[in-house]
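Here the sequence shown is numbered in this note's numbering, starting from 2 and rising by one per residue. Ideal Cβ placement from N, Cα and C applies to all residues, glycine included. In this text, all values refer to a predicted model and were calculated from it rather than measured experimentally. This report refers to the structure that appears directly beneath it.
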Amino acid sequence: MKGRVIKIWSQWATVMVPEGPILARPRGKLLSERVLVGDEVEVKLLPDGRGLILRIEERRNQLQRPPVANVDRLLLVFSRRAPEVGAEWVDRVLLQGEWWRLDIALFLNKSDLLSPKEREEAETFLEVYRRAGYGAWLGSAQEKENLEEVRAFLEAEGVAVLAGESGVGKSRLLNALNPQLALPSGAVSEKTGRGRHTTRHPQLLPMGKGWVVDTPGFSRLVLPPVEPADLGNLFPEIRAFSSRCRFRDCLHRNEPGCAVREAVLSGQVDEGRFGRYLQFLEELLEERKKLY
């Protein structure tokens with residue numbers, strides 16, 4: 002029978018099959034191949050009610066951090082207070098999502114902690130990403146404010162991953178959308194301003210017609226293994242203009258006839274996002290220098 006791995010327990014996996022969840026282990030020749038949360042598998046039911054994983058179906062994708070397979074969507078959850086998450090971190094996560102070719106949306110949580118001026122600034126910040134083509138919403142899991150779009154995004158068929166630093170309210174958001182989950186949520190340290198990890202290992206949780214992965218908190222992310230010339234393709238707004246550049250290998254720095262730089266000057270591409278593109282580009286170029 003077919004099933005999906007929803008949790009890993011050492012050498013065992015919880016697999017959701019049509020009859021419900023069962024505990025299963027890989028057959029001998031699969032022991033050298035790591036079973037991941039999200040894997041679609043073929044399972045043989047044993048007389049004791051447990052299962053034997055016979056085969057892992059080909060993965061559509063495989064995330065490294067967190068180790069999850071067959072993901073369709075990514076919701077980036079962050080906050081401007083308790084803890085404050087900056088634009089660079091947001092863009093690093095978005096690059097990972099673009100690299101994995103996921104549908105991506107952003108949720109700026111804890112709007113209840115913001116002053117009217119800060120809310121206005123938050124909306125201005127999110128508008129940059131809306132113009133780039135992302136769904137981007139301001140709301141509060143604590144107050145259950147403005148969660149309709151987030152719910153629709155997470156409850157669609159398939160698997161969605163929540164990405165966010167510890168303390169931004171990922172578990173609280175999932176509890177607000179599905180109280181039956183009863184996930185523990187951690188407080189933010191007054192000393193460090195950062196959250197404590199409440200999710201130790203990734204697992205699939207039921208959400209509407211699909212599944213959602215509550216992942217351990219993210220820290221500073223490395224850039225995906227992309228060639229410098231292809232970095233712009235991971236920025237939707239840069240990708241939209243790069244085909245108009247005079248040179249196909251344009252890096253959008255000082256090359257003549259660069260349509261992307263013209264779009265920045267005309268306000269069609271956000272200057273801050275473009276500045277972070279240049280920052281990430283330099284990181285990639287420096288990494289290439291170390292290889293030779």
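- Taking the CA atoms as reference points, Ile-57 sits about 9 Å from Val-44.
- Counting along the chain, the unbroken alpha helix (DSSP H) around Arg-173 starts and ends at 171-178.
- Runs of the beta strand (DSSP E) lying entirely within the segment 201-289, each at least 3 residues long, are 204-208, 211-215 in chain order.
- Annotation: Leu-155 to Ala-177 spans about 12 Å, alpha carbon to alpha carbon.
- The Cβ-Cβ distance between Arg-289 and Phe-236 does not fall below 8 Å.
- Secondary structure note for Leu-95: its alpha helix (DSSP H) is the uninterrupted segment 88-100.
- In this chain, Glu-144 is not harboured by any beta strand (DSSP E), its DSSP state being neither H nor E.
- Taking a C-beta distance under 8 Å as the contact criterion, Ala-133 and Arg-74 do not qualify as a contact pair.
- Annotation for Arg-26: the continuous beta strand (DSSP E) segment containing it runs 21-27.
- In the DSSP secondary-structure assignment, Gly-4 is bridged to Val-42.
- In this structure, Ala-70 and Gly-98 do not form a Cβ contact; the two beta carbons are roughly 15 Å apart against a cut-off of 8 Å.
- Distances from the CA of Leu-224 to each of Leu-206, Leu-285, Ala-123 were compared; the closest alpha carbon is that of Leu-285.
- An exposed status is given to Leu-279, since fewer than 16 other beta-carbon atoms sit within 10 Å of its beta-carbon.
- Of the residues assessed, Glu-158 falls on the exposed side of the cut-off, its CB having fewer than 16 other CB atoms within 10 angstroms.
- Within the same chain, Leu-178 come within 7 Å of Arg-152 by CB-CB distance, once the 5 residues on both sides are set aside.
- In this structure Leu-182 touches Leu-206 by the C-beta definition: roughly 6 Å separates them, less than 8 Å.
- Asp-49 sits exposed, since fewer than 16 C-beta atoms from the chains shown fall within 10 Å of its C-beta.
- In the three-state scheme derived from DSSP, where H, G and I count as helix and E and B as strand, Gln-181 is classed as helix.
- Residue environment: Lys-111 is assigned as buried (16 or more neighbouring CB atoms within 10 Å of its CB, all protein chains considered).
- Around the C-beta of Gly-233, 16 or more other C-beta atoms lie within 10 Å, and the residue is accordingly described as buried.
- Minimum Cα-Cα distance from Arg-131 among the listed residues Ser-141, Ile-105, Trp-90, Trp-13 corresponds to Ile-105.
- Linking Val-270 to Ile-54 through their CA atoms gives a straight-line distance of about 49 Å.
- In the three-state scheme derived from DSSP, where H, G and I count as helix and E and B as strand, Arg-74 is classed as strand.
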